[in-house]
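One line per chain: the protein sequences are A and B, in this order.
For the first sequence, the numbering used here gives the first residue as 3, with consecutive numbering after it.
For the second sequence, the numbering used here gives the first residue as 488, with consecutive numbering after it.
Heads up, the thing below is written out as structure tokens.
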Amino acid sequence: MTTDKLSIEFLNPGDCVFSFNNNGFLIFTLEGNAVGRVKLIRTYPYTLTDEYICVHDLEDKEIGIIRDLKELDADSCENAKKELEGRYYCPTVTAIKSVKERMGHFYFQTVVDGKEKSFTVRDITRNMRFANGDTLLIFDMDGNRYVIPNFEKTEPKSKRLLEPYLY
Amino acid sequence: MVKYKVIFNIAFNTANEVIFTEILNRALYKLHLKKRPHPPAPPKESIPEPVKEVLEAEGLDTSSVIFSIKTDMTAAEEYGDTLIFFDEKGLYRAVFKEKELPKKPPKRHKKPDLKPELLHLTAIPIDEVDELFAEQYLATGQLTYTFKGEYYSLGYFSIGMLERADNFRKIFNAFKKDGSHEQYISTDTGNTCKKCGAPIPKGLSFCKDCVDKKSTVKRLFSFFGEVKGKMIFMICAVLVSSGINILIPQFSTQKLYDEVLNPDNTMAYDDLFKALITVVLTMAALKISQQLFTLFYQYIVAGILPEVIYGIKLKIFKAMQRLSVGFYTHKQTGSLMDRVTRDANNIYWFFVDGFPYLIGNAITVAGLLVVMFITNYKLTIFIVLATALILFIYPIVNKKFRKLHHKVWVQNSRLTSKVSDNVNGHRIIKAFSKETDELSEFDKISKGLLDAEITSSNTESTTFPLLSIIIYLISAIVLGIGGVMAVTTKEITIGELLTFVVYLQMLQAPVEFLSWVTTWWARCVDSAQRVFEVMDTEPDVTDKENPIILDDFRGSVELKELHFEYEPAHPIIKNLSLKIEAGEMLGIVGKTGAGKTTLSNLIARLYDPKEGVVKIDGIDVKELSSKQLRSNIGIVSQDIFLFMGTIADNIRYARPDATNDEVIAAAKAASAHSFISKLPDGYETYVGSGGQSLSGGERQRISIARTIIQNPKILILDEATAAMDTETERNIQNSLTKLKNGRTTIAIAHRLSTLRDADKLAVIDDGECIEFGTYDELIEKKGAYYKMFKLQEEALRFIGIGEETDNNEKEKEHDDN
């Protein structure tokens, strides 16, 4: 099998229009037909945030894939990006103030999006891991997810506190 | 009168006791010796009083609120306090200003301002809401509602609150539908600490503020209860051994210098020689007896510890058997294995390597200081101060090393995982010829380990000599001060001074040990706490106090309005109802992930449904004895698991008393006998981890034989032949046909041909039973089953299976009729 046979069909960017309705929900129009509310899904959420975007209906059935949001008209591109940012919003940990272990649980005192926040992480080597290169993900006991986008560029104290647990 | 006096006295004494207890408690709180009790937790979703006041000021009647949830977001990417609630008139959203924590704690007499500041309140008339939805995004979620087909946003929440938001959705929708919301509202206050009353976060089994290390220690030592006598012997032996150790310098160094080698000694040569011999013999006798006592306590430790650790491991394993399937799915297997092995071993090694030495070293330090103080208190004071300095420095150094060692451990684990990955995937690596890439990745990880090890070794090799210098400096200072004392004031003899130096050296190791044993002890207590967590976890699925034991287990199954979800807001089974009589066969068909296997788990009560009931012989399974229930339900699933042991052991797993005849008969019924008898070790072939490798079909046939021996009244065949080739499938189908006779059979399958004998068929789609009836009824209906049937028929024709299938024949018959 040659690789050129593995080509996929993308949605024609010229046929796709994304807009927000009055209630703030993203509405999709394909080939001039209103599809209604849709979900946008990043297939490469860390490396290609605006490329290979799946469009699903509310029943989670795939309508198609958009190769690159840049290929859409300017308004649609902006609307789709805004929707994706909302869906993929993840609280960013800007500083780690302390990490204390007690009975196998790790109590974090952090600064998340500029506000102080504390949370508890269990099984730290599994719940704190790199997602893609330098992006560090932390999952707390409640199932919340936090991100440190550029771990290498994080302030030295935070790095020092986390480094012993990084796997 | 006397009666009144007695009553008065009792009342007076009781009042006094109450006042005294109150005063005592206040003093203890003040001194931080006792924790103030937490106010009783309100029901999980009730509105806090200060918030009620604010809402009432806005003209809302909070007493009529049916349900509310507090969420932690005010907008899509903004954290803040929001209250979402509803009453009979409307659905409301109140956004409050987030409270900023004061930089300094408020003064005692000044009450903190608890009044929340309402930013805005949105009210939606109840008639303008059709249905509520809880949508899930990456790290957040959104409550939305529909009205006349249009979607509207109600509010956002962080993903950790999804379960609560989904519960709110469920309650609101039930209220809107038919007012049946009461059944979903729980007055449960959540898990609270029994000691202080504070809420305990989900997933934690203890209150982090109150976790009583002392009680853990007490419980840990309770494991030694059965070997109490031996423990006392051990402690006595340690005491004597340490005591002798302290006496050795007194009877050796001091006597040797002061009584034998002293230049002022005027003794005759013979007497001097005798004194020397006495000193040497005393030294030897003391050392031998000390070693004998050491040997004695080590012998006792070696005897009792494996026994205690065996007890601990047995208790953990017993607790694990008691737990529900849900516990295993939430906890990673690795973490559980850790508890049985690593945590139990942490406890073991502390008691083997730490505990006796802890007693010995503590006694040595105390004894040495006492002896030294008697010999010369001035020098001892200096040494106590120096010891305090060492005790201060060592924990800092240990903390640093612990981090470095952890880093090495992490890198080592990465390397081990890589090697394991490589070994397990060696065929794929070779097939894709990726050896060079694998090598370079290994090299990268290996370099990480190398760097961590170099940093650790470098730090250790520079820190320890520095610490040794401090200790030698202290010795030199002692020698200097002592020397001055011996020469000028004669406060100390040369022998005493040298004994002092020996004591100082003897003090070094125990002090070092005591400075880091606390960390070791903390790790041991942590391990014990984790072990106790498993032991204390209550299983989700438990028997009632007096469960019903059926005299005649017939095997009729009824599922009534069943709802189930593994994760909040992801329903797997939705309002599913169906019924099969005893002895009937039900075929369940549906797409992958439709909820078919979950259904079999619910019937076997491996999980309890969130809503609805599962009835066996007309009785809710929650009322039945789970032992009787499970011994009467046999599951043959696609995931075959064979335990370590012989084939015969595996076949008689459900009934260990089954005879050899029965084992062979079961294997024959399962079409397994022919291949088993061809194996060199026959029924005694070792299978499972590290044993004889068997094909999927062979393993499946053994698992069927295992179920045949169990002789269950209800048989669940969960895709039992999905992964088999046609011939094996046919063989297994024949075995299963024999097995089905006289039992209620629930067969889950993709291939409709395997369900040709079913009395009834159920089509499951997205957790719902969309079609139910006999084969004829479903074909006639020309619905989902008919479509699947036609699709499979076409697929069979396409791949060239020309013969008329049984189903085809059946359809023809049906058409003819």
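Even glycine gets a Cβ: it sits at the ideal position worked out from N, Cα and C.
Computed from a predicted model, the values in this text were never measured in an experiment.
(1) Would you mind telling me which residues of chain B sit closer than 9 Å to D142/A, beta carbon to beta carbon, in chain order?
(2) Confirm, please, whether the CB-CB distance from K1097/B to H1160/B is below 7 Å.
(3) Using DSSP with H/G/I as helix, E/B as strand and the rest coil, what is F1130/B?
(4) According to DSSP, is E61/A part of a helix, a strand, or is it coil?
(5) Would you mind listing the alpha helix (DSSP H) stretches within the stretch 1151 to 1190 of chain B that are 4+ residues and don't spill past its ends, in chain order?
(6) If you compare alpha carbons, which of R914/B, L641/B, R1139/B and L1065/B is closest to F573/B?
(7) What is the rounded straight-line gap between the Cα of L707/B and the Cα of T137/A?
(8) On the three-state DSSP scale, how would you describe C79/A?
(9) In the structure shown, what three-state DSSP assignment does I126/A receive?
(10) Please decide whether P166/A counts as near chain B, where near means a Cβ-Cβ distance under 7 Å.
(11) Give the range of the alpha helix (DSSP H) segment to which L1265/B is assigned.
(12) Determine the closest residue to D559/B out of T627/B, D745/B, L547/B and K717/B, with distance taken between C-alpha atoms.
(13) Output the distance between the C-alpha atoms of Q1279/B and E61/A, rounded to the nearest integer angstrom.
(14) For V1101/B, which three-state DSSP category applies?
(15) Can you have a look at K715/B and say buried or exposed, based on whether 16 or more other CB atoms are within 10 angstroms of its CB?
(16) Between Y566/B and the rest of its own chain, which residues show a CB-CB distance below 8 Å, the 5 nearest in sequence each way excluded?
(17) Taking three-plus beta-carbon pairs below 8 Å as touching, is the stretch 1058 to 1073 of chain B in contact with the stretch 1125 to 1139 of chain B?
(18) Buried or exposed, going by whether 16 or more other CB atoms sit within 10 Å of the CB of F842/B?
(19) Decide if L8/A is buried, meaning its Cβ has at least 16 other Cβ atoms within 10 Å, or exposed.
(20) Rounded to whole angstroms, what's the CA-CA distance from V858/B to Y864/B? Just pull it up for me.
(21) Could you check which residue in G577/B, I556/B and K576/B has the C-alpha nearest to that of T569/B?
(22) If we ignore side chains and look at the alpha-carbon of each, how far apart do Q785/B and Y990/B end up?
(23) Among all the DSSP beta bridges, which residues are the ones paired with T558/B?
(24) Using the rule of at least 16 other Cβ atoms within 10 Å of the residue's Cβ for burial, across every protein chain shown, is D1205/B buried or exposed?
(25) Find the residues of chain A that neighbour S927/B, judging by a C-beta separation of less than 7 Å, and give them in chain order.
(26) With distances taken from CA atoms, which of S1164/B, E1071/B, E1255/B and G1169/B is nearest T1232/B?
(27) Just checking: is the beta-carbon of T1172/B within a distance shorter than 7 Å of some beta-carbon in chain A?
(28) Can you give me the Cβ contacts of K99/A inside the same chain, cut-off strictly under 6 Å, excluding the 5 residues immediately before and after it?
(29) Can you tell me which of T508/B, F655/B and T1024/B puts its alpha carbon nearest to the alpha carbon of E1307/B?
(30) Between which two residues does the alpha helix (DSSP H) containing D840/B stretch?
(31) Taking the C-alpha atoms as reference points, what is the distance between P166/A and A939/B?
(32) Please state whether DSSP places K117/A in a helix, a strand or coil.
(33) For L1037/B, name the three-state secondary structure that DSSP assigns.
(34) Mind listing which residues of the stretch 82 to 111 of chain A have their C-beta closer than 9 Å to chain B's C-betas, in chain order?
(35) Quick one: any contact between the stretch 1110 to 1119 of chain B and the stretch 1079 to 1098 of chain B, if contact means 3 or more CB pairs under 8 Å?
With the structure as the only source:
(1) G647
(2) no
(3) The three-state reading of DSSP puts F1130/B in coil, since its state is none of H, G, I, E or B.
(4) coil
(5) 1160 to 1165
(6) That would be L641/B, whose Cα lies nearest to the Cα of F573/B.
(7) 41 Å
(8) C79/A: helix per DSSP, three-state reduction.
(9) helix
(10) yes
(11) Y1262 to K1268 is the span of the alpha helix (DSSP H), which, as asked, contains L1265/B.
(12) If we check each option's Cα against that of D559/B, T627/B comes out closest.
(13) 25 Å
(14) strand
(15) exposed
(16) D559, M560, E585 and S645
(17) no
(18) buried
(19) exposed
(20) 9 Å
(21) I556/B
(22) Cα to Cα, the separation comes out at about 24 Å.
(23) T569/B
(24) buried
(25) Scanning chain A for C-beta atoms nearer than 7 Å to the C-beta of S927/B yields nothing, as the closest lies near 17 Å away.
(26) E1071/B
(27) The beta-carbon of T1172/B is placed no less than 7 Å from the nearest beta-carbon of chain A.
(28) Here the set comprises Q111.
(29) This structure gives no information on residue 1307/B, because the portion of chain B shown stretches from 488 to 1304.
(30) It is not in any alpha helix (DSSP H) - D840/B carries neither H nor E in the DSSP assignment.
(31) C-alpha separation (whole angstroms): 11 Å.
(32) strand
(33) coil
(34) Of all residues in the stretch 82 to 111 of chain A, those with a C-beta nearer than 9 Å to a C-beta of chain B are E87, G88, R89, Y90, Y91, C92, P93, E103, R104, M105, G106, H107 and Y109, reading in chain order.
(35) yes
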